[in-house]
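First up is the structure itself, then whatever we jot down about it.
In the UniProt record's numbering, the protein residues as written are 1 to 246.
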């Protein structure tokens, strides 16, 4: 969609729909006001940008410390795209890159705090009664670090999401839920996914990530900073411009 294509009465996205409601709710502006609109847009931007920025820092670090994985992403870019600008439409054809996308979220636990939920009925868990209305906070560590599910959760291995012939395993991909589920799914999900894909693939297409000579390759001493999202401590990286193949 290009700017200026919006037609009144034909919303094509959340922003269009909100503006339309602002027009129809002029007599009741408490909810659909200019101020509320700015707050919503800010929330969308912040949710998408912060998540993308932290995910990208993890992605660069992990590919830099796993050059063989980085090379697989680059080779897939060359096979599917070449040297032309990468577009969102290319994502569906780049299954290894998609596996990397998922594994970075799993390994880095970028969005570990999904917010509380509420029990809709009484139920029993591990012999304990949880009453209706109880606040429940999802434990995402149990999702992403489960040895029964992942086998080697501490290892960065994108291949865990792929079949032997390189197809994405849907059942495993659906276990990665960085943006939540249901009615409270993060509004910045699409912004984060699409911008993250374009940023990382364009960087890998143009540059090779390398460890500076005085930096160890191990991730054992890596420190994480946890908040609304998880970010990695500052690190040094060397970007080497790639030579075009043709």
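For each residue, glycine too, the CB sits at the ideal point set by N, CA and C.
Enumerate in chain order the residues of its own chain whose CB-to-CB distance from residue 1 is below 7 Å, with the five nearest sequence positions on each side excluded.
-> Taking the chain shown and counting its residues from 1, the one referred to as residue 1 is at position 1. Unreliable placement is indicated for residue 1, whose pLDDT of 39 sits below 50; the coordinate value is still reported in the next sentence. Cβ neighbours of residue 1 beyond the five flanking positions: 12.
Beta-carbon proximity list for residue 104, same chain, < 7 Å, skipping 5 on both sides = Here residue 104 refers to the residue found at position 104 when the chain shown is read from its first residue. Excluding positions up to five away in sequence, the list reads 55, 58, 59, 62.
Could you tell me which residues DSSP pairs with residue 209 in its beta bridges?
-> Indexing the chain shown from 1 puts residue 209 at position 209. DSSP output for residue 209 lists 239 as bridge partner(s).
Would you check if the distance between the CB atom of residue 94 and the CB atom of residue 72 is smaller than 8 Å?
-> Counting from one through the chain shown, the residue named residue 94 turns up at place 94. Counting from one through the chain shown, the residue named residue 72 turns up at place 72. No, these two residues do not count as a Cβ contact at 8 Å.
Counting pairs of beta carbons, one from the stretch 188-195 and one from the stretch 117-130, are three or more of them closer than 8 Å?
-> no
Do the stretch 30-37 and the stretch 198-208 make contact, defined as three or more Cβ pairs closer than 8 Å?
-> no
Exposed or buried, what is residue 110 when buried is set at 16 or more other beta-carbons lying within 10 Å of its beta-carbon?
-> Within the chain shown, numbered from 1, the residue matching residue 110 stands at position 110. Buried, because 16 or more other Cβ atoms sit within 10 Å of the Cβ of residue 110.
Answer with buried or exposed for residue 227, where buried requires no fewer than 16 other C-beta atoms within 10 angstroms of its C-beta.
-> Here residue 227 is taken as the residue at index 227 of the chain shown, counted from 1. The residue in question, residue 227, is exposed, as its Cβ has fewer than 16 Cβ neighbours within 10 Å.
Would you call the CB atoms of residue 114 and residue 138 closer than 8 Å?
-> Numbered from 1 along the chain shown, position 114 holds the residue referred to as residue 114. Numbered from 1 along the chain shown, position 138 holds the residue referred to as residue 138. In contact: residue 114 and residue 138 (Cβ atoms closer than 8 Å).
Going by the CB atoms, is the gap between residue 96 and residue 158 shorter than 8 Å?
-> Here residue 158 is taken as the residue at index 158 of the chain shown, counted from 1. Here residue 96 is taken as the residue at index 96 of the chain shown, counted from 1. A contact, by the Cβ cut-off of 8 Å.
Identify the continuous beta strand (DSSP E) that holds residue 95 and give its terminal residues.
-> As a position in the chain shown, residue 95 is number 95, starting the count at 1. No beta strand (DSSP E) holds residue 95; the alpha helix (DSSP H) holding it covers 95-108.
Excluding the five sequence neighbours on either side, which residues of its own chain have a C-beta within less than 6 Å of the C-beta of residue 3, listed in chain order?
-> To locate residue 3, count along the chain shown from 1; it is residue 3. With a pLDDT of 46 at residue 3, under the threshold of 50, the predicted position of this residue should be treated as unreliable, though the coordinate-derived value follows. Nothing meets the Cβ criterion.
Near residue 242, what residues of its chain come up, given a Cβ to Cβ distance below 7 Å and the 5 sequence neighbours on each side ignored?
-> Taking the first residue of the chain shown as position 1, residue 242 is located at position 242. The answer, listed in chain order, is 206, 207, 208.
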